[in-house]
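Shown next, in structure tokens, is the structure this report addresses.
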Amino acid sequence: MKSLQSALIAFLFLLYIPLNGQDWDFIANSEGSYTDVHFPTVESGWIVGDHGLILHTANSGESWQSQNSTTVKDLNAVFFLDQLNGWAVGEGGTVLHTSNGGEDWVPQQSGTPSELFDVQFTDANNGWIAGSSGALMRTTNGGNTWALKSDGSVTSFQAVFFRSFQKGWAVGAEGKIIFTGNAGYGWTVQESNTNGTLKDIYFTDDKNGWVVGSAGLIRHTKDGGDSWTGQGSGISQTLAAVCFTSSQNGWAVGDDGTILHTVDGGTHWEAQPKPTNNFLKSISFHDSDNGWIVGYAGTILRYNPGVSALGETAVPSLDCQVFPNPAVGRVNISVQLEEGTPVSIQATDVNGKVVGIAVQEDFLPAGSHTYQFDTSQLAGGMYFLSIRAGDHAEARRFLVEN
Numbered sequence: 003m004k005s006l007q008s009a010l011i012a013f014l015f016l017l018y019i020p021l022n023g024q025d026w027d028f029i030a031n032s033e034g035s036y037t038d039v040h041f042p043t044v045e046s047g048w049i050v051g052d053h054g055l056i057l058h059t060a061n062s063g064e065s066w067q068s069q070n071s072t073t074v075k076d077l078n079a080v081f082f083l084d085q086l087n088g089w090a091v092g093e094g095g096t097v098l099h100t101s102n103g104g105e106d107w108v109p110q111q112s113g114t115p116s117e118l119f120d121v122q123f124t125d126a127n128n129g130w131i132a133g134s135s136g137a138l139m140r141t142t143n144g145g146n147t148w149a150l151k152s153d154g155s156v157t158s159f160q161a162v163f164f165r166s167f168q169k170g171w172a173v174g175a176e177g178k179i180i181f182t183g184n185a186g187y188g189w190t191v192q193e194s195n196t197n198g199t200l201k202d203i204y205f206t207d208d209k210n211g212w213v214v215g216s217a218g219l220i221r222h223t224k225d226g227g228d229s230w231t232g233q234g235s236g237i238s239q240t241l242a243a244v245c246f247t248s249s250q251n252g253w254a255v256g257d258d259g260t261i262l263h264t265v266d267g268g269t270h271w272e273a274q275p276k277p278t279n280n281f282l283k284s285i286s287f288h289d290s291d292n293g294w295i296v297g298y299a300g301t302i303l304r305y306n307p308g309v310s311a312l313g314e315t316a317v318p319s320l321d322c323q324v325f326p327n328p329a330v331g332r333v334n335i336s337v338q339l340e341e342g343t344p345v346s347i348q349a350t351d352v353n354g355k356v357v358g359i360a361v362q363e364d365f366l367p368a369g370s371h372t373y374q375f376d377t378s379q380l381a382g383g384m385y386f387l388s389i390r391a392g393d394h395a396e397a398r399r400f401l402v403e404n
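Each number in my numbering comes from the position in the sequence shown (counting from 1) with 2 added on.
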């Protein structure tokens with residue numbers, strides 16, 4: 003599986019998987035778990051994950067390359083000021099810094115063994131880290147030194163968000179929200195009216211902010227956190243991340259593939275169709291049209307409203323199922339057609355090379371049709387099925403185990 007991951011990273015020229023009208027394309031699924039994603043520009047983005055994994059794209063996700071993090075520690079968060087200057091934090095007090103876009107990652111001394119969950123910088127010198135056991139740290143020299151700037155609690159802080167050098171918030175366990183208006187020299191506890199664990203926080207301006215957390219928790223403030231009120235998510239799954247592209251348009255993601263969307267500032271949150279059931283850990287929008295989600299089991303999703311992976315409008319008239327997955331010896335492809343049409347099905351490897359044809363331009367009547375594709379001669383790894391029915395197209399990922 004390690005060789006599969008390396009091949010997927012090196013040759014992942016994205017095969018967008020259509021999702022029948024959904025706004026999120028399933029880009030990749032591989033070994034390992036991704037915990038955070040950040041795009042400082044439309045073109046440049048980074049993903050971090052377990053065992054020191056760092057991925058980078060310089061072409062809006064058309065391809066991803068692995069970077070040497072110099073650590074095997076799990077990484078929980080990544081933040082870039084621009085295309086060159088970034089930081090990553092994680093397990094065991096790990097802090098990494100790059101000044102050349104990730105060509106070199108250099109360890110920085112955090113001064114704590116605590117697990118670090120989030121990092122944010124307001125400029126090249128001033129940054130913040132949130133972590134377990136009350137770890138809330140500040141640097142004023144780009145991370146050369148870090149100093150504890152906490153409220154004295156042992157709360158596990160899960161996220162930190164600064165609107166400016168002066169104004170920032172941190173959130174964590176037991177509904178804890180603290181605020182500083184003086185660059186962390188003093189902190190004020192804000193009443194969240196919940197005991198749930200708060201996982202993430204986002205503000206669109208100095209007044210309007212949202213927190214998300216356990217059991218589908220969403221709370222909103224219109225006065226900078228002086229008061230927080232609940233918003234109905236309609237779910238019970240943990241929400242791990244929240245992001246807004248405007249004061250009205252926002253997204254939240256979490257466990258069991260949960261994706262929520264609002265267009266009215268959270269008055270109404272609507273569950274989106276699920277591209278996956280994997281735990282979604284992070285969401286990043288550079289602007290309203292360019293968004294990314296990452297999660298467990300190597301999940302990468304890209305925002306692509308209304309357009310399918312193969313450049314065609316996704317339609318509900320083609321229903322495909324691939325099983326068993328992973329496949330041993332053979333894989334079954336079930337196609338449900340609403341009307342008769344020519345159908346073709348072919349398999350490709352991660353490099354786009356055709357490795358087999360299950361069906362080639364057969365005219366099939368309306369109804370359910372199942373084909374078997376022999377995988378016994380294929381090397382173990384990831385493959386894709388390209389399924390076309392008339393003018394419609396789908397793609398499905400499957401794994402082969404020997």
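Built from N, CA and C at the ideal position, the CB exists for glycine as well.
Nothing here was measured: the structure is a model prediction, and the numbers come from that model.
Inter-residue spacing [alpha-carbon to alpha-carbon] between residue i and residue j
i: Trp48; j: Leu366; result: 44 Å
i: Ser112; j: Lys75; result: 14 Å
i: Ser35; j: Ile295; result: 12 Å
i: Ala132; j: Asn334; result: 47 Å
i: Ile285; j: His40; result: 8 Å
i: Ile29; j: Ser65; result: 10 Å
i: Asn143; j: Trp89; result: 13 Å
i: Phe163; j: Val121; result: 9 Å
i: Glu272; j: Gln233; result: 12 Å
i: Asn210; j: Ser370; result: 50 Å
i: Gly2; j: Gly382; result: There is simply no residue 2 to check, as the chain begins at 3 and stops at 404 in what is shown.
i: Thr343; j: Val337; result: 12 Å
i: Thr72; j: Thr96; result: 11 Å
i: Glu341; j: Val44; result: 40 Å
i: Gly145; j: Ile179; result: 24 Å
i: Thr141; j: Asp266; result: 36 Å
i: Thr301; j: Val91; result: 20 Å
i: Ser229; j: Thr157; result: 21 Å
Integer Cβ distance of residue i from residue j, believed to fall under 8 Å
i: Arg398; j: Gly63; result: Their Cβ separation, rounded to whole angstroms, is 20 Å, which puts Arg398 and Gly63 out of contact at 8 Å.
i: Ala329; j: Ile347; result: Rounded, the Cβ-Cβ distance is 14 Å, inconsistent with contact.
i: Pro42; j: Leu83; result: 7 Å
i: Val50; j: Leu77; result: 4 Å
i: Gly218; j: Ser194; result: At roughly 15 Å, the Cβ-Cβ gap does not stay under 8 Å, so Gly218 and Ser194 are not in contact.
i: Leu282; j: Gln274; result: Not a contact, Cβ separation roughly 11 Å.
i: Thr247; j: Phe287; result: 5 Å
Buried or exposed (CB count within 10 angstroms, at least 16 for buried), residue i
i: His270; result: exposed
i: Gln408; result: Coverage of the chain is limited to positions 3 through 404, which leaves residue 408 absent and any answer about it impossible.
i: Phe325; result: exposed
i: Asp291; result: exposed
i: Gln160; result: buried
i: Asp125; result: exposed
i: Gln239; result: buried
i: Glu117; result: buried
i: Gln374; result: exposed
i: Gln192; result: buried
i: Pro277; result: buried
i: Tyr298; result: buried
i: Val166; result: Reading off the sequence shown, one finds Ser at residue 166, where the question assumed Val. Its Cβ having fewer than 16 others within 10 Å, Ser166 is exposed.
i: Lys224; result: exposed
i: Gly94; result: exposed
i: Thr100; result: buried
i: Lys201; result: buried
i: Ala280; result: The residue you asked about is not Ala; residue 280 is Asn in the sequence shown. Classification of Asn280: buried, given that the 10 Å Cβ count is 16 or more.
i: Ala311; result: Only weak support is given to the placement of Ala311: the predicted model assigns it a pLDDT of 37, under 50, and the value that follows is read from those uncertain coordinates. Looking at its Cβ environment, which holds 16 or more other Cβ atoms inside 10 Å, Ala311 is buried.
i: Thr196; result: buried
i: Val257; result: According to the sequence shown, residue 257 is Asp rather than Val. Burial call: buried.
Counterpart residues of residue i in DSSP-defined beta bridges
i: Tyr36; result: Gly51
i: Trp171; result: Phe163, Phe181
i: Gly133; result: Leu118
i: Gly232; result: Arg221
i: Ser346; result: Arg390
i: Gln110; result: Val97
i: Ile335; result: Val324, Tyr373
i: His270; result: DSSP output for His270 lists no bridge partner at all.
i: Gly383; result: Val402
i: Leu200; result: Gly215
Contact set for residue i: own chain, Cβ-Cβ below 7 Å, skip 5 residues either direction
i: Thr377; result: Ala329, Gly331, Arg332, Val333, Val402
i: Gly183; result: Gln168, Lys169
i: Tyr385; result: Ala349, Thr350, Asp351, Val357, Phe400, Val402
i: Asn102; result: Leu86
i: Asp208; result: Arg165, Lys169, Gly226
i: Pro307; result: Asp25
i: Ala60; result: Glu45, Ser46
i: Phe81; result: His40, Gly88, Trp89, Val121, Gln122, Phe123
Residues near residue i by beta carbon distance below 8 Å, same chain, minus five either side
i: Asp104; result: In the sequence on display, residue 104 carries Gly and not Asp. Trp48, Ile56, His58, Gln69, Gly88, listed in sequence order.
i: Gly252; result: Tyr204, Trp212, Val244, Cys245, Phe246, His263, Thr264, Gly267, Gly268
Residues of its chain near residue i, where Cβ-Cβ distance is below 6 Å and the 5 sequence neighbours each way are ignored
i: Val345; result: Val361, Asp364, Leu366, Ala391
i: Thr199; result: Ala175, Gly215, Ser216
Any non-hydrogen atom of the ligand FMN closer than 6 Å to residue i Cβ
i: Pro328; result: Here there are no bound small molecules, and the ligand FMN is not part of this structure.
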